[in-house]
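Participant:
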Amino acid sequence: MTKRMLGVVLLAWLFGLAGSPTSEAGRFRRLSYAPERQYLEGAIVGEDRVSYYIVGMDGQEKCYDKRSIEVLSQNAEEDAAILARFGYGLEALKTYERALAAATSEAHRAALNEKIIALAPMLKETAVLEMLAARYPESGVVRYWLGRALMSERRYPEASRRMQEAAELEPRALEYRVGLAEARLWMAHEALLSQRPDEARAILSEIPYSARVDEAVRWLARDDFRARLDQAGSAALLEYDPYLFIGRYLVDSRHFVLAGPYLLAASERHPRDPVVHNYLAHVFLDHGRVADAEAEMAWGDGNPANHPPDAERLERLLESWRKHESQRAALEEQRRVASRRQEEQRRQVESAKPAEPPKEPPLQPGEIRITGPD
752 MTKRMLGVVL
762 LAWLFGLAGS
772 PTSEAGRFRR
782 LSYAPERQYL
792 EGAIVGEDRV
802 SYYIVGMDGQ
812 EKCYDKRSIE
822 VLSQNAEEDA
832 AILARFGYGL
842 EALKTYERAL
852 AAATSEAHRA
862 ALNEKIIALA
872 PMLKETAVLE
882 MLAARYPESG
892 VVRYWLGRAL
902 MSERRYPEAS
912 RRMQEAAELE
922 PRALEYRVGL
932 AEARLWMAHE
942 ALLSQRPDEA
952 RAILSEIPYS
962 ARVDEAVRWL
972 ARDDFRARLD
982 QAGSAALLEY
992 DPYLFIGRYL
1002 VDSRHFVLAG
1012 PYLLAASERH
1022 PRDPVVHNYL
1032 AHVFLDHGRV
1042 ADAEAEMAWG
1052 DGNPANHPPD
1062 AERLERLLES
1072 WRKHESQRAA
1082 LEEQRRVASR
1092 RQEEQRRQVE
1102 SAKPAEPPKE
1112 PPLQPGEIRI
1122 TGPD
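Using my numbering, you'd call the opening residue of the sequence shown number 752 and step up by one each time.
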């Protein structure tokens, strides 16, 4: 037994890992045994030493046959699964990488690649997700979670681009379309805060508001994600939901016309959340729609008996919004025309007044001025 092999066996013994040192399969199994987190770390370190030895850095790779290397890959895969189950995504990724390096069949490598892609929701580091996106160019899952990570870093334009890629790769994945809409909403919000209304308007023009197009929004209501939001309560909802976040911001800024579509979309996603209905009531009050405002306030007070939040009602509200916005635009134009006319009339009145006689210069000291007929 070489000094290197002796060191590996000693390392395994120090970590209290079971197995027979005389059996190659038993030794690999011993190094991958991981009943607890601290032993799992030791197993990874020990396994890394063995894989380093197997690669043949000391010229003795012929001591290990293909079966032994495959056993090493399988055990690394088991360790990675344990890490993933306990939420250690980055460590699981590194361990799957070792398993992938030692895999000897195409089928095993394909299965490992699928498991690596499945780790994407657990990975928060954008650099790691960027690496996976480059490695798996056909994976919408990786791009979606990369977009989520970029959004958490407030890098909304990049997040929008990644969400767009995910939606194009898997057009039927409604979750990716919702993510794309959220990224664009946050871009619009940043533009509003930075006093760039034209940019915000251009971004918002790409986001559909109708109930029919917002089927992705309804999909979230059917997912268990909705239950998690309900358990978290309204405070967490305000922090997460971009429709409600921007709608609340616009209401607080008294931009009620702009706030309407956001709050209608938020009420469709979260039909029983009192915060949504209270803010929507402010919008209706501003438009003089007292009955609708009272109904929303009843919802906000926890009494949902007046108006059930069905899609048909929301569609009617949305249509009335469109009509009201056009009416308001017409009224604004009338006000501008009336203002211009008033200004023109004022100028005409000023020009029609008789000219005042020229004022005489003041008397100088010792000067006598005689006025009257010549």
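Built from N, CA and C at the ideal position, the CB exists for glycine as well.
Please name the residue, chosen from 933, 1036 and 1097, that lies closest to residue 1016 on a Cα-to-Cα basis.
Facilitator: Your numbering for residue 1016 matches position 265 in the sequence shown. Closest option to residue 1016, Cα to Cα, is 933.
Participant: How big is the Cα-Cα spacing for residue 875 and residue 928?
Facilitator: Within the sequence shown, numbered from 1, the residue matching residue 875 stands at position 124. Within the sequence shown, numbered from 1, the residue matching residue 928 stands at position 177. Approximately 21 Å, taken between the alpha carbons.
Participant: Go through its chain and collect everything with a Cβ distance to residue 931's Cβ below 7 Å, but skip five positions before and after it.
Facilitator: Taking the sequence shown and counting its residues from 1, the one referred to as residue 931 is at position 180. Same-chain partners within the cutoff: 911, 914, 915 and 918.
Participant: Would DSSP call residue 855 helix, strand or coil?
Facilitator: Along the sequence shown, read from residue 1 onward, the residue named residue 855 stands at position 104. Correct three-state label for residue 855: coil.
Participant: Would residue 830 pass as a contact of residue 855 if the rule is Cβ separation under 8 Å?
Facilitator: As a working mapping, residue 830 is identified with position 79 in the sequence shown. As a working mapping, residue 855 is identified with position 104 in the sequence shown. No, the Cβ-Cβ distance between residue 830 and residue 855 is not below 8 Å.
Participant: Determine the direct distance from the alpha carbon of residue 857 to that of residue 888, and round the result to whole angstroms.
Facilitator: Counted from its first residue, the sequence shown places residue 888 at position 137. Counted from its first residue, the sequence shown places residue 857 at position 106. Answer to the nearest angstrom: the Cα atoms are 19 Å apart.
Participant: Rounded to a whole number of angstroms, what is the C-alpha to C-alpha distance between residue 924 and residue 1093?
Facilitator: As a first step, residue 924 must be located in the sequence shown, where it is residue number 173. As a first step, residue 1093 must be located in the sequence shown, where it is residue number 342. If I take the Cα positions, the gap works out to 57 Å.
Participant: Considering just the uninterrupted stretch of the alpha helix (DSSP H) at residue 1014, what are its terminal residues?
Facilitator: The sequence position of residue 1014 within the sequence shown is 263, counting from 1. Here the alpha helix (DSSP H) through residue 1014 covers 1007 to 1020.
Participant: Put residue 1054 into one of helix, strand or coil per three-state DSSP.
Facilitator: The residue labelled residue 1054 in the question sits at position 303 within the sequence shown. A caution first: residue 1054 carries a pLDDT of 43, below 50, which makes its placement in the model too unreliable to give a value.
Participant: In angstroms, rounded to a whole number, what distance separates the CA positions of residue 843 and residue 825?
Facilitator: What you label residue 843 is simply residue 92 of the sequence shown in a count that begins at 1. What you label residue 825 is simply residue 74 of the sequence shown in a count that begins at 1. Distance between the alpha carbons of residue 843 and residue 825 is about 14 Å.
Participant: What whole-angstrom Cβ distance do residue 1032 and residue 1047 have, given they're in contact under 8 Å?
Facilitator: The residue labelled residue 1032 in the question sits at position 281 within the sequence shown. The residue labelled residue 1047 in the question sits at position 296 within the sequence shown. Between residue 1047 and residue 1032 the Cβ distance is about 4 Å, and since that is below 8 Å, they are a contact.
Participant: Should residue 945 go down as buried or exposed, given a rule of 16 or more other Cβ atoms within 10 Å for buried?
Facilitator: Here residue 945 corresponds to residue number 194 of the sequence shown, with the count starting at 1. So residue 945 counts as exposed.
Participant: Using three-state DSSP, classify residue 837 as helix, strand or coil.
Facilitator: On the sequence shown, position 86 is the one that residue 837 refers to. Coil at residue 837, not helix or strand.
Participant: Alpha carbon to alpha carbon, what distance is there between residue 823 and residue 776?
Facilitator: Within the sequence shown, the letter at position 25 stands for residue 776. Within the sequence shown, the letter at position 72 stands for residue 823. A caution first: residue 776 carries a pLDDT of 39, below 50, which makes its placement in the model unreliable, though a value can still be read off. When rounded, the distance between both Cα atoms is 8 Å.
Participant: Residues in the same chain with beta-carbon distance under 6 Å from residue 959, minus the five sequence neighbours each way, listed in chain order, please.
Facilitator: Indexing the sequence shown from 1 puts residue 959 at position 208. Residue confidence is low: residue 959 scores 48 on pLDDT, short of 50, so the model does not pin down where it sits. No coordinate-derived value is stated.
Participant: Using the beta-carbon count (16 or more within 10 Å), is residue 926 buried or exposed?
Facilitator: Here residue 926 refers to the residue found at position 175 of the sequence shown. So residue 926 ends up on the buried side.
Participant: Could you check where the alpha helix (DSSP H) with residue 885 kicks off and where it finishes?
Facilitator: Along the sequence shown, one-based indexing puts residue 885 at 134. Start and end: 877 to 886.
Participant: Note down, in chain order, each residue of its chain lying with its Cβ closer than 7 Å to the Cβ of residue 909, except the 5 sequence neighbours on either side.
Facilitator: Along the sequence shown, one-based indexing puts residue 909 at 158. Cβ neighbours of residue 909 beyond the five flanking positions: 901.
Participant: Considering just the uninterrupted stretch of the alpha helix (DSSP H) at residue 701, what are its terminal residues?
Facilitator: The requested residue 701 is not part of the displayed model; the chain covers only 752 to 1125.
Participant: Just verifying my parser: in three-state terms, what is the DSSP assignment at residue 924?
Facilitator: Counting from one through the sequence shown, the residue named residue 924 turns up at place 173. It is coil, neither helix nor strand.
Participant: Quick one: what's got a C-beta closer than 7 Å to residue 938's C-beta in the same chain, skipping five residues either side?
Facilitator: Walking along the sequence shown from the start, residue 938 turns up at place 187. If we look at residue 938 and ignore the five residues flanking it on each side, its Cβ neighbours are 907, 908, 911 and 954.
Participant: Counting only the same chain and skipping the five closest in sequence on each side, list residues whose C-beta sits under 7 Å from that of residue 850.
Facilitator: Position 99 of the sequence shown holds residue 850. 824, 827, 828, 831 and 863.
Participant: By alpha-carbon positions, which one of 895, 896 and 998 ends up nearest to residue 940?
Facilitator: Along the sequence shown, one-based indexing puts residue 940 at 189. Residue 940 has its Cα closest to that of 998, out of 895, 896 and 998.
Participant: Thinking just about the alpha-carbon of each residue, which of 893, 890, 921 and 873 is nearest to the one in residue 836?
Facilitator: Within the sequence shown, the letter at position 85 stands for residue 836. For residue 836, the nearest C-alpha among the options comes from 873.
Participant: Which of helix, strand or coil does DSSP assign to residue 1095?
Facilitator: Position 344 of the sequence shown holds residue 1095. In the structure shown, residue 1095 sits in a helix (DSSP, three-state: H, G or I).
Participant: Are the CB atoms of residue 1027 and residue 1036 nearer to each other than 8 Å?
Facilitator: Residue mapping note: residue 1027 aligns to position 276 of the sequence shown, counting from 1. Residue mapping note: residue 1036 aligns to position 285 of the sequence shown, counting from 1. Taking 8 Å as the Cβ cut-off, residue 1027 and residue 1036 do not qualify as a contacting pair.
Participant: Roughly how far, in whole angstroms, is the beta-carbon of residue 871 from the beta-carbon of residue 883, given that I think they are within contact range, below 8 Å?
Facilitator: Translated into the one-based positions of the sequence shown, residue 871 becomes position 120. Translated into the one-based positions of the sequence shown, residue 883 becomes position 132. Going by Cβ atoms, the distance from residue 871 to residue 883 rounds to 7 Å, so yes, they are a contact pair.
Participant: Can you grab the Cα-Cα spacing for the pair residue 848 / residue 841, in whole Å?
Facilitator: On the sequence shown, residue 848 is found 97 positions in, with the first residue counted as 1. On the sequence shown, residue 841 is found 90 positions in, with the first residue counted as 1. Straight-line Cα distance between these residues: approximately 11 Å.
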